[in-house]
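Undergrad: Quick one: the structure is below, questions incoming.
Here you go:
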């Protein structure tokens with residue numbers, strides 16, 4: 001780390017610098033950096049050890065263009081409030097390798113950072129009200145994980161959260177299903193308000209109830225597993241392997257139970273239940289092991305993102321040919337409309353089970369046109385703006401609830 005005079009010389013001669021990164025473990029005195037930021041008014045990216053609220057206030061006063069901020073150290077709830085309120089336009093916040101309270105994390109997740117896209121709290125220690133590591137308490141750890149998931153699914157801007165609240169470091173990305181649902185719910189709310197206002201002025205006007213494709217969860221899963229069993233029976237396959245991610249939905253145990261029941265009825269059995277590894281080296285090793293197994297029929301019940309990586313790696317290992325059979329369940333098949341041609345190419349030969357609805361009905365044609373417009377406004381960086389089943393179900397569900405309340 002440069003000494004005071006060297007750092008000041010650098011600062012005075014680099015007034016247009018846009019990025020500064022200081023070592024996270026640096027023991028540099030705060031005063032030189034405190035003075036240097038007065039010259040760096042065009043900073044957009046800044047990473048440094050955390051040196052207290054006064055230092056953050058100095059950044060707020062002189063570096064108003066910052067969109068990516070990385071600070072590492074010990075944070076109180078007050079410290080985090082200062083960051084959130086001082087940099088409301090942040091797109092990326094990196095507090096990795098830090099110590100902060102559970103309440104401080106709650107401040108980050110409360111929605112005030114409306115532009116944030118990336119949040120990094122990897123290798124952080126989260127302290128509960130008693131000052132103990134919250135990860136030691138399973139219930140509190142689970143609550144923190146749920147908070148993060150809730151923020152990712154509900155945020156309009158947040159796309160990536162990295163943390164170590166589970167057994168290993170994880171990364172949550174807002175899924176395409178989440179984007180579809182978000183846009184569809186906003187559409188439904190607009191329509192509900194419109195219809196409600198009309199109802200107040202003309203009580204005889206009917207209230208439409210969406211597109212009529214909402215299904216009960218258990219019945220839907222039962223139909224899906226029966227479809228998988230029907231494919232297996234058609235080709236007379238007797239043994240197969242399930243590749244899964246536990247927790248891809250809240251009904252994982254029900255899915256496996258229904259699948260076992262459906263397959264038993266057609267004389268087939270599960271050879272292996274294989275949890276899908278996230279990282280590429282582990283994925284390659286697992287596929288190599290499966291390639292040497294006698295069962296060459298695979299049912300994949302994972303997220304679309306993980307399935308994409310799985311199929312691409314399987315294609316590289318020549319496991320997508322005529323000697324293999326792959327069946328994808330609806331968490332994958334329902335979102336095929338959102339993937340690019342490269343992904344589609346790697347999935348050639350995969351059989352998919354997905355929900356069906358009438359895409360030619362006047363209601364859906366009208367819905368599709370509006371959805372494309374609204375989705376492109378909400379997520380301009382996304383290339384594909386076609387609505388999937390998750391969008392239609394979200395729209396219908398909101399309408400059914402609202403209609404019931406209005407009628408009551």
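Numbering (full-length UniProt numbering), first residue to last: 1 to 408. For every residue, glycine included, the Cβ atom is placed at its ideal position computed from N, Cα and C.
If you draw a straight line from the C-alpha of residue 349 to the C-alpha of residue 323, how long is it?
TA: One-based indexing of the chain shown puts residue 349 at position 349. One-based indexing of the chain shown puts residue 323 at position 323. If you take the alpha carbons of residue 349 and residue 323, they lie about 11 Å apart.
Undergrad: Would you give the residue range spanned by the alpha helix (DSSP H) that residue 78 belongs to?
TA: The residue given as residue 78 occupies position 78 in the chain shown. Element bounds for residue 78: 77–86.
Undergrad: Expressed to the nearest angstrom, what Euclidean distance is found between the alpha-carbon atoms of residue 300 and residue 48?
TA: The residue given as residue 300 occupies position 300 in the chain shown. The residue given as residue 48 occupies position 48 in the chain shown. Spanning the two alpha carbons is a distance of roughly 43 Å.
Undergrad: On the three-pair Cβ rule with 8 Å, is the segment 367–380 touching the segment 328–347?
TA: Judged by Cβ distances under 8 Å, the segment 367–380 makes no contact with the segment 328–347, as fewer than three pairs qualify.
Undergrad: Mind pulling the alpha helix (DSSP H) runs of 4 or more residues that sit fully within the segment 315–348?
TA: Runs found: 330–333, 341–346.
Undergrad: Please name the residue or residues paired with residue 45 in a DSSP beta bridge.
TA: Taking the chain shown and counting its residues from 1, the one referred to as residue 45 is at position 45. In DSSP, residue 45 forms a bridge with 19, 68.
Undergrad: Using the C-alpha atoms, what's the distance from residue 114 back to residue 32?
TA: Residue mapping note: residue 32 aligns to position 32 of the chain shown, counting from 1. Residue mapping note: residue 114 aligns to position 114 of the chain shown, counting from 1. Answer to the nearest angstrom: the Cα atoms are 32 Å apart.
Undergrad: Which of helix, strand or coil does DSSP assign to residue 307?
TA: The count along the chain shown starts at 1 and reaches residue 307 at position 307. Residue 307 falls in the helix class under three-state DSSP.
Undergrad: Quick check: the Cα distance between residue 362 and residue 157, rounded to an integer number of angstroms?
TA: Sequence index remark: in the chain shown, residue 362 carries index 362 (1-based). Sequence index remark: in the chain shown, residue 157 carries index 157 (1-based). Taking the straight line joining both Cα atoms gives about 32 Å.
Undergrad: Alpha carbon to alpha carbon, how far is residue 294 from residue 347?
TA: The residue given as residue 294 occupies position 294 in the chain shown. The residue given as residue 347 occupies position 347 in the chain shown. Each residue's alpha carbon lies about 22 Å from the other.
Undergrad: Run through DSSP, which three-state label would residue 374 get?
TA: Taking the chain shown and counting its residues from 1, the one referred to as residue 374 is at position 374. Three-state DSSP puts residue 374 in a helix.
Undergrad: Where DSSP assigns a beta bridge to residue 272, which residues make up the other side?
TA: Residue 272 sits at position 272 when you count from the first residue of the chain shown. For residue 272, which the question treats as bridged, DSSP gives the partners 241.
Undergrad: When burial is assigned at 16 or more other CB atoms within 10 Å of the CB, is residue 282 buried or exposed?
TA: For the purposes of this step, residue 282 is taken as residue 282 along the chain shown, with counting starting at 1. Result: exposed.
Undergrad: CB-CB under 8 Å to residue 211, same chain, minus the five flanking residues each way: which ones, in chain order?
TA: If you number the chain shown from 1, residue 211 lands on position 211. Low confidence applies here, because residue 211 scores a pLDDT of 46, under 50, leaving its location unreliable and the question unanswered by this model.
Undergrad: Beta-carbon within less than 8 Å of residue 133's beta-carbon, same chain only, minus the 5 sequence neighbours each way: which residues are those?
TA: As a working mapping, residue 133 is identified with position 133 in the chain shown. Here the set comprises 125, 126, 127.
Undergrad: DSSP beta-bridge partners for residue 99?
TA: Here the question's residue 99 lines up with position 99 in the chain shown. The partner list for residue 99 (beta bridge, DSSP) reads 74, 125.
Undergrad: Is the beta carbon of residue 237 sitting closer than 9 Å to the one on residue 297?
TA: If you number the chain shown from 1, residue 237 lands on position 237. If you number the chain shown from 1, residue 297 lands on position 297. Yes. Within cutoff.
Undergrad: Looking at the unbroken alpha helix (DSSP H) that takes in residue 8, where does it start and where does it end?
TA: Along the chain shown, read from residue 1 onward, the residue named residue 8 stands at position 8. Looking at the DSSP string, the run of the alpha helix (DSSP H) that includes residue 8 is 4–12.
Undergrad: Rounded to whole angstroms, how far is the Cβ of residue 34 from the Cβ of residue 55, which I believe are closer than 8 Å?
TA: Position 34 of the chain shown, counting from 1, holds the residue named residue 34. Position 55 of the chain shown, counting from 1, holds the residue named residue 55. Going by Cβ atoms, the distance from residue 34 to residue 55 rounds to 6 Å, so yes, they are a contact pair.
Undergrad: Are residue 43 and residue 17 touching if we call contact CB-CB under 9 Å?
TA: Taking the chain shown and counting its residues from 1, the one referred to as residue 43 is at position 43. Taking the chain shown and counting its residues from 1, the one referred to as residue 17 is at position 17. Yes.
Undergrad: Using only alpha-carbon positions, find the residue among 271, 319, 313 that is nearest to residue 291.
TA: One-based indexing of the chain shown puts residue 291 at position 291. For the residues 271, 319, 313, the minimum Cα distance to residue 291 belongs to 319.
Undergrad: Tell me which same chain residues have a C-beta within less than 6 Å of the C-beta of residue 233, skipping the five on either side of it?
TA: Start at 1 with the first residue of the chain shown, and residue 233 comes out as number 233. Once the five neighbours on either side are set aside, the close Cβ partners of residue 233 are 266.
Undergrad: Return the CA-CA distance between residue 399 and residue 384, expressed in angstroms with no decimal places.
TA: Counting from one through the chain shown, the residue named residue 399 turns up at place 399. Counting from one through the chain shown, the residue named residue 384 turns up at place 384. Looking at the two C-alpha atoms, the distance is approximately 25 Å.
Undergrad: Run through the DSSP bridge pairs and tell me what residue 120 is partnered with.
TA: Residue 120 sits at position 120 when you count from the first residue of the chain shown. Residue 120 pairs with 94, 162.
Undergrad: From residue 328 to residue 182, what distance separates their C-alpha atoms?
TA: Along the chain shown, read from residue 1 onward, the residue named residue 328 stands at position 328. Along the chain shown, read from residue 1 onward, the residue named residue 182 stands at position 182. In a straight line, the C-alpha of residue 328 is about 25 Å away from that of residue 182.
Undergrad: What three-state label does DSSP hand residue 301 in the structure shown?
TA: What you label residue 301 is simply residue 301 of the chain shown in a count that begins at 1. Of the three classes helix, strand and coil, the one that applies to residue 301 here is strand, per DSSP.
Undergrad: Could you tell me the distance, in whole angstroms, from the CA atom of residue 57 to the CA atom of residue 82?
TA: Residue 57 sits at position 57 when you count from the first residue of the chain shown. Residue 82 sits at position 82 when you count from the first residue of the chain shown. Looking at the two C-alpha atoms, the distance is approximately 8 Å.
Undergrad: Within 10 Å of its beta-carbon, does residue 209 have 16 or more other beta-carbons around it, so buried, or fewer, so exposed?
TA: Here residue 209 corresponds to residue number 209 of the chain shown, with the count starting at 1. For residue 209, the predicted model reports a pLDDT of 41, less than 50, meaning its position is unreliable and no value from the coordinates is stated.
Undergrad: Expressed to the nearest angstrom, what Euclidean distance is found between the alpha-carbon atoms of residue 185 and residue 386?
TA: The sequence position of residue 185 within the chain shown is 185, counting from 1. The sequence position of residue 386 within the chain shown is 386, counting from 1. The alpha-carbon atoms of residue 185 and residue 386 are separated by roughly 15 Å.
Undergrad: Looking at residue 92 and residue 69, is the spacing between their C-beta atoms short of 9 Å?
TA: Taking the first residue of the chain shown as position 1, residue 69 is located at position 69. Taking the first residue of the chain shown as position 1, residue 92 is located at position 92. Result yes, Cβ atoms of residue 69 and residue 92 sit closer than 9 Å.
Undergrad: Assuming residue 50 contacts residue 86 (C-beta within less than 8 Å), just tell me the rounded distance between them.
TA: Looking up residue 50 in the chain shown gives position 50. Looking up residue 86 in the chain shown gives position 86. 13 Å between Cβ atoms; not a contact.
Undergrad: Would residue 334 and residue 256 qualify as a contact pair, given that the criterion is a beta-carbon distance under 9 Å?
TA: For the purposes of this step, residue 334 is identified with residue 334 of the chain shown, where counting begins at 1. For the purposes of this step, residue 256 is identified with residue 256 of the chain shown, where counting begins at 1. Cβ atoms of residue 334 and residue 256: not closer than 9 Å.
Undergrad: Below 7 Å CB to CB, which residues in the same chain sit around residue 8 once its five sequence neighbours on both sides are set aside?
TA: Here residue 8 refers to the residue found at position 8 when the chain shown is read from its first residue. Contacts found: 32, 35, 36.
Undergrad: Can you tell me whether residue 351 is helix, strand or coil according to DSSP?
TA: Working through the chain shown from its first residue, we reach residue 351 at position 351. Here residue 351 sits in strand by DSSP.
Undergrad: So, for residue 227: in the same chain, excluding its five sequence neighbours on each side, which residues have a beta-carbon less than 7 Å away from its beta-carbon?
TA: Residue numbering aside, residue 227 sits at position 227 when the chain shown is read from its first letter. The residues are 353.
Undergrad: Taking the alpha-carbon of residue 243 as reference, which of 263, 122, 311, 99 has the nearest alpha-carbon?
TA: Here the question's residue 243 lines up with position 243 in the chain shown. The residue with the shortest Cα to Cα distance from residue 243 is 311.
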